Amino acid sequence: MKLKKLAKKSLSMLLATALAVSGLALDNSSVLNVKAEENTSTPLSVTAFATPEQLMNSDNFALHSDTGSGVAQKVYFGKNGEKPLQWYIAGKDSAQEIDNIVLFSAQGLDTSAFGDINIYAGSTLEATIEGCEYAESSSTSKFTAAEDSLMLSTSLASNQPSDGTAKLYALNSQGYGYDYTYITAGANDDIKIDMSYWGNDIFWLRAPFDKYSDWALVANSNHCVYDVAGQYVYSVVPAFNLDLSSVLFASSAPAATSGASLTDTMTFRVDGAEKLASGAAYTACGVTVNYDEDDGNVFLYVQDADSVYSVEITEDTAVVLSDMTGIDSLIGENTKIWLEKSEDNVAYAVMAEVVLTEHIPKADDGDCTTAITCSICGEVTTEAEAEHIDSNDDGYCDVCDSCAAPELVDGYYQIANAGNLMWFAKFVSNGEKDANAVLLADIDMTGVAWTPICQTVSFHETAATDTGYSGTFDGNGHTISNLTVTGISGGTYSYGLFGTVSGTVKNLGMVNYKYILGDASDARAGSIAGQVLTGGTIINCYSVGHDVDTKESKIAGGIAGCNYGGTISNCYALNGKVTGYTTRWGGVVGDCKKDSTAPDLAQTYGTVSNCYTDDTRVASTQNNSANITDCELQEDTAFASGEVAYLLNGEKTDGTQSWYQTFETDTYPVPDNTHGTVYSIFACDGTTPAGYSNENKNEPHIDENGDEYCDNCGVIYNGIGAYLAGYSVSLNGSIGVNFHMDLTKNVLDDNEAYMLFTLPNGTSQKVMVSDAKAKESTVIEGKTYYMFTCNIAAKEMTDTIQAQLFTSDGSTTQVYEYSVSKYAWYILDGDYDAETKELVKAMLHYGAYSQEWFDYNTTNLANAGLETLDLSEADDWDEFNPLISNNDNVGSFTSAYLTLESDTAINLKFKLADGVSFKDLRVVVQDPMGNVVPVTTDTTENVCLITLTGIKASDLDTTYDFSVTD
452 MKLKKLAKKS LSMLLATALA VSGLALDNSS VLNVKAEENT STPLSVTAFA TPEQLMNSDN
512 FALHSDTGSG VAQKVYFGKN GEKPLQWYIA GKDSAQEIDN IVLFSAQGLD TSAFGDINIY
572 AGSTLEATIE GCEYAESSST SKFTAAEDSL MLSTSLASNQ PSDGTAKLYA LNSQGYGYDY
632 TYITAGANDD IKIDMSYWGN DIFWLRAPFD KYSDWALVAN SNHCVYDVAG QYVYSVVPAF
692 NLDLSSVLFA SSAPAATSGA SLTDTMTFRV DGAEKLASGA AYTACGVTVN YDEDDGNVFL
752 YVQDADSVYS VEITEDTAVV LSDMTGIDSL IGENTKIWLE KSEDNVAYAV MAEVVLTEHI
812 PKADDGDCTT AITCSICGEV TTEAEAEHID SNDDGYCDVC DSCAAPELVD GYYQIANAGN
872 LMWFAKFVSN GEKDANAVLL ADIDMTGVAW TPICQTVSFH ETAATDTGYS GTFDGNGHTI
932 SNLTVTGISG GTYSYGLFGT VSGTVKNLGM VNYKYILGDA SDARAGSIAG QVLTGGTIIN
992 CYSVGHDVDT KESKIAGGIA GCNYGGTISN CYALNGKVTG YTTRWGGVVG DCKKDSTAPD
1052 LAQTYGTVSN CYTDDTRVAS TQNNSANITD CELQEDTAFA SGEVAYLLNG EKTDGTQSWY
1112 QTFETDTYPV PDNTHGTVYS IFACDGTTPA GYSNENKNEP HIDENGDEYC DNCGVIYNGI
1172 GAYLAGYSVS LNGSIGVNFH MDLTKNVLDD NEAYMLFTLP NGTSQKVMVS DAKAKESTVI
1232 EGKTYYMFTC NIAAKEMTDT IQAQLFTSDG STTQVYEYSV SKYAWYILDG DYDAETKELV
1292 KAMLHYGAYS QEWFDYNTTN LANAGLETLD LSEADDWDEF NPLISNNDNV GSFTSAYLTL
1352 ESDTAINLKF KLADGVSFKD LRVVVQDPMG NVVPVTTDTT ENVCLITLTG IKASDLDTTY
1412 DFSVTD
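My numbering puts the last residue of the sequence shown at 1417; the count rises by one with no breaks.
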């Protein structure tokens, strides 16, 4: 017997027969014996009751044969003063993305001229129509705020309103004359409305007359569509699109009225789930209403094909069928039953729920036969012919407490609730010990009197004849909670979810299990099993919050009391209390080996592996002889941190693991793969263990001082692995700005990584990382710095160079900026010797004179801030003039000059004599030591340019010999 049902027996019976008015939140899926097919009442026509799908179907409602075969139907919506407005259902607007219908006014809402010009946007007609829409404190509005929320804005394809969209809008016509006896509605003008529904008024359309700019078209039901001057005043008959997404249905019963009668005009009912707390349920004999006084004026409606019954509800009420004049039956789709209230001129409704087709539930086993008096109709019945009723879906019959048999799928009983579990326990204990089961949900066993599954008599000595449960019980990652077992007298000693196990229990969690010794003279007690015998396995299971109390004299364990020949692995017990005999208790297993005086069977000790507990002992064994391996005591923090989950999985995270833990919600591991995978992570250095995470990534680097190096491990911390350590300037034949970079191995090994230099004139230079790596690097305090050089001309010393490093995966550093002059002033302002500073000054003067010579950026001279260099007493410049000796038979030197680009170069032009080809000549250039230095030549027609590049600043007064010979 299920204890919790004793106190609720009468309420359960009343609820099952819809006699109680509390707890009416039932659904049809919980009703086991509804016989709707027995209803023989006439179906309601769509003009009496229509769902949104029916409202949008043009075969039900249409205003032109080209639109559909449906009938014309009016609905109420809005008011003109106190008079309800009527609208025709014109059809669904296919241009709208949500469910909707177009409503066309069955009367004029106002009168208006069209305006001075026949453009609808900005016209007097548009303004008049807009005045009919909802606006707070408006005297011309026809709608409430609630009604306005149901009206869609429509984007019109032609003759658009001012802002491109409108709620109310004038209709359109594709032309005029006797052939135009219809007008169009909808965003794309694809819904036609025949002239027979235009009413008696002449009314404006939004279409212009094409011959006169101040004429527009009107619709006249006695004539056709024709043109009229815009100054005349005619009726305003608009349309709009109604949003059906929250509409439950439309009914021909008027809203919020007692004693209602069906009418020719329908009223929309909007979903009132957020407006009504009251509820209703019905049986074959009547309706019960659970009234909530916060709802105010509530009305019950019962509608069938020919009539409607309505009454105001002011308290919990039961209405019998015989009082509902004209209503033949309450069961089936042909009768509509709902509660509603009216608010802001909108009717909000909730449908009633069907409970039973009979007065009381019946049972095939004769248990459900208690005589019950129906509080609706007063009939007393004790029939016993039908199924049990489980209105709260807990697996128990509401009347007789019989357990619901679970479904058998692929050899496993599908356990979904406490009743299913009770049925399975009885089924197995009655002889089906090899039956298999799988949990489909977490199960709360609060208040359930439990007898362990396969509770064996006496001790393990009887295992040769009674080995207990031999099937497979798969928890499927779910839990069984609040299970209480009490010991009894009579020689039964194994206690838990199972008594004795020789089969398999896996993937199960036990929460708040409690064992009470009671009248038992001896006990082997655990949350999952009292005892596990040879062949028995408990794997990937846990127990949390258990209390296993055998009064310090019996065998007790958090998972199993004793394990004689079985295997318990990958399990844990947490936050529990285990009380047993001194040497025969454990946080996971109480005893794994009996003493030597026991029968031979008891000499087989059990295996306990990879198990954990926050208790003071994982498992115990007499004689200290058992196969207990890889088991550890852990603090409760290890269960919360993920450490235990990682250990239970054998340190695997490849998808084959059994344990999971979502750190945001789980304080301990669970064998449920819908939770997060547990990864072991490392500190930012990639080698120091740093705990566990649901993300497979190490701890991030930290750079609190902003130096782009991790404060913990010292690696570059900027997301790319490249750090600018410093700058320098080189004057090695060319002027170069050097960027010194600290690079990680990933960047150095990236063959596509490069540094891009950009100058103010838009030119750029690319230096590959592989090239910089091949050059000489600088090592300072164990760090290697690689130099990237951007060569510039002397005139560009004040230009700011931008540098940015790129890697092959698209990552970049920040943009670095520097210039020669900035570095020069760094030297001049720093603690450097006088000789170095004089060199830097000379360089800046050199740059400034280059700027002036080339008229380049002269407002920002390189030597600005330095004393002007006085060249008036310089040495005789004549000694620097070239000495030229020509051979007229070969040719002659015509000029010599320096170029001051990034390199300093000497250039000589040589003009060939007539009939001489340069390929027949030999060019030789020698330094003062007689060494031949390389030059480049460029011949155009009979003139050859000979260039010596790479002139260092220290070599500017060096004499070079140029010779051209045949």
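Glycine residues also receive a C-beta, built at the ideal position from the N, C-alpha and C atoms. Source: prediction; values computed, not measured.
Hey, residue i and residue j are a contact pair by Cβ (cut 8 Å); roughly how many whole angstroms apart?
| i | j | result |
| --- | --- | --- |
| Ala800 | Ser761 | With a Cβ gap of about 12 Å, Ala800 and Ser761 do not count as contacting. |
| His1191 | Thr1240 | At roughly 10 Å, the Cβ-Cβ gap does not stay under 8 Å, so His1191 and Thr1240 are not in contact. |
| Thr1310 | Asn1358 | 29 Å between Cβ atoms; not a contact. |
| Ser729 | Leu772 | At roughly 20 Å, the Cβ-Cβ gap does not stay under 8 Å, so Ser729 and Leu772 are not in contact. |
| Cys1022 | Ile989 | 6 Å |
| Gly681 | Gly573 | That belief does not hold up - the Cβ atoms of Gly681 and Gly573 are roughly 12 Å apart, past 8 Å. |
Given a threshold of 16 other Cβ atoms within 10 Å of its Cβ, counted over all protein chains shown, does residue i qualify as buried or as exposed?
| i | result |
| --- | --- |
| Asp1408 | exposed |
| Ala1325 | Caution is warranted here: a pLDDT of 47 is assigned to Ala1325, below 50, making its placement in the model unreliable, and the coordinate value is therefore given only provisionally. Exposed is the call here. |
| Tyr539 | buried |
| Arg1373 | exposed |
| Asn1419 | Absent from the model: residue 1419. The displayed extent of the chain is 452 to 1417, so no value can be given. |
| Lys593 | buried |
| Asp1417 | exposed |
| Ala596 | exposed |
| Gly1233 | exposed |
| Trp1304 | exposed |
| Val684 | exposed |
| Glu1247 | buried |
| Tyr571 | buried |
| Met1294 | buried |
| Glu667 | Inspection of the sequence shows that residue 667 is occupied by Ala rather than by Glu. Ala667 is buried by the Cβ-count criterion. |
| Ala476 | Any answer about Ala476 is weak, because its pLDDT of 31 lies below 50 and its placement is not dependable; what the coordinates show is given next. Exposed. |
| Thr907 | buried |
| Gly1381 | exposed |
| Glu1094 | buried |
| Ala621 | buried |
| Thr518 | buried |
| Ala1285 | exposed |
| Ile1402 | buried |
| Gln982 | buried |
Can you tell me which residues form a DSSP beta bridge with residue i?
| i | result |
| --- | --- |
| Glu1083 | Tyr1063 |
| His1191 | Gly1177 and Met1238 |
| Thr1104 | Answer is none; Thr1104 lacks a bridge partner. |
| Ile1132 | Gly1142 |
| Met717 | Val526 |
| Cys1022 | In DSSP, Cys1022 forms no bridge with anything. |
Please list the terminal residues of the continuous alpha helix (DSSP H) segment that includes residue i.
| i | result |
| --- | --- |
| Thr1416 | Premise fails: Thr1416 lies in the beta strand (DSSP E), Asp1412 to Thr1416, not in any alpha helix (DSSP H). |
| Phe575 | Contrary to the premise, residue 575 reads as Thr rather than Phe in this sequence. Thr575 -> alpha helix (DSSP H) spans Thr575 to Cys583. |
| Glu1286 | Ala1285 to Phe1305 |
| Leu1099 | Glu1094 to Leu1099 |
| Tyr620 | Element bounds for Tyr620: n/a, residue is neither H nor E. |
| Asp599 | Ala596 to Asp599 |
| Gly870 | Ala869 to Ser880 |
| Ala1275 | Val1271 to Leu1279 |
Need the endpoints of the beta strand (DSSP E) that residue i sits in, please.
| i | result |
| --- | --- |
| Leu695 | First-last for Leu695: undefined, no H or E at that position. |
| Thr562 | Asp561 to Ala564 |
| Glu791 | Lys787 to Glu794 |
| Ala798 | Val797 to Met802 |
| Leu668 | Trp666 to Ala670 |
| Thr988 | Thr988 to Ile990 |
| Met961 | Gly960 to Val962 |
| Trp1358 | The sequence given here places Asn at residue 1358; Trp does not occur at that position. Taken as a continuous stretch (DSSP letters only), the beta strand (DSSP E) holding Asn1358 covers Thr1355 to Leu1363. |
Are the C-beta atoms of residue i and some chain D residue less than 9 Å apart?
| i | result |
| --- | --- |
| Ile894 | The structure shown contains no chain D; it is built from a single protein chain. |
| Which runs of the beta strand (DSSP E), 3 residues or longer, sit entirely within the region 896-950? | Entirely contained in the region 896-950, the beta strand (DSSP E) runs reaching 3 residues are, in chain order, 923-925, 930-932 and 935-937.
| Hey, which unbroken runs of the alpha helix (DSSP H) at 4 residues or more fall wholly within the region 489-561? | Listed in chain order, the alpha helix (DSSP H) elements of length 4 or more contained wholly in the region 489-561 are 503-507.
| Which whole runs of the alpha helix (DSSP H) in the region 1200-1256 are 4 residues long or more, in chain order? | If we require 4 residues or more, the alpha helix (DSSP H) runs fully inside the region 1200-1256 come out as 1220-1225.
| field | Within the region 736-780, ranges of the beta strand (DSSP E) (whole runs, at least 3 residues) | value | Within the region 736-780, the runs of beta strand (DSSP E) that reach at least 3 residues and sit entirely inside it are, in chain order, 737-741, 749-754, 759-764 and 768-771.
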